[in-house]
Amino acid sequence: MTREVPQNKICVDCGKLISYSEFLRDNPSISELRAKDLWNDSMITIFCPDCYFNRPERPFKVKRGYFNYYGKSRSYHK
577 MTREVPQNKI CVDCGKLISY SEFLRDNPSI SELRAKDLWN DSMITIFCPD CYFNRPERPF
637 KVKRGYFNYY GKSRSYHK
């Protein structure tokens, strides 16, 4: 059995060439089957990690610390 290697994609923001192996390396939490489905889906936009983490709309949840979360949400800490 030979593996079919998907073609390279281009980051929609900066134009950097992204290989499938880089995509797998940068997304270790998803399985190879799921990664291949995402990679081949024409409705999914592929970003390089630099562009993804610098998106203005923040498509990921920002981790907040305990003190940062509770300290700023109280009205008496203005």
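Residues in the sequence shown are numbered consecutively from 577, following the working numbering. Glycine included, every Cβ here is placed at the ideal spot set by N, Cα and C. None of these values were measured; they are calculated from a predicted model.
Can the beta-carbon of Ser-595 be found less than 7 angstroms from the beta-carbon of Asn-584? With respect to the 7 angstroms criterion, Ser-595 and Asn-584 are classified as neighbours on the basis of their beta carbons.
Rounded C-alpha distance that separates Glu-608 from Pro-625: One C-alpha to the other measures close to 18 angstroms.
Proximity to Pro-582 [Cα-Cα], best of Arg-610, Asn-616, Glu-633 and Ile-620: The alpha carbon of Pro-582 has as its nearest neighbour, out of Arg-610, Asn-616, Glu-633 and Ile-620, the alpha carbon of Asn-616.
With DSSP run on the structure shown, which of helix, strand or coil describes Lys-592? In this structure, Lys-592 counts as coil in the three-state DSSP scheme.
Beta-carbon within less than 6 angstroms of Arg-610's beta-carbon, same chain only, minus the 5 sequence neighbours each way: which residues are those? Nothing meets the Cβ criterion.
Got a sec? Which residues, its chain only, sit under 6 angstroms from Ile-620 by beta carbon, not counting five neighbours each side? Closer than 6 angstroms at Cβ, skipping near neighbours: Leu-614.
May I ask which residues mark the beginning and end of the alpha helix (DSSP H) holding Glu-608? In the DSSP assignment, Glu-608 falls within the unbroken alpha helix (DSSP H) covering 608-616.
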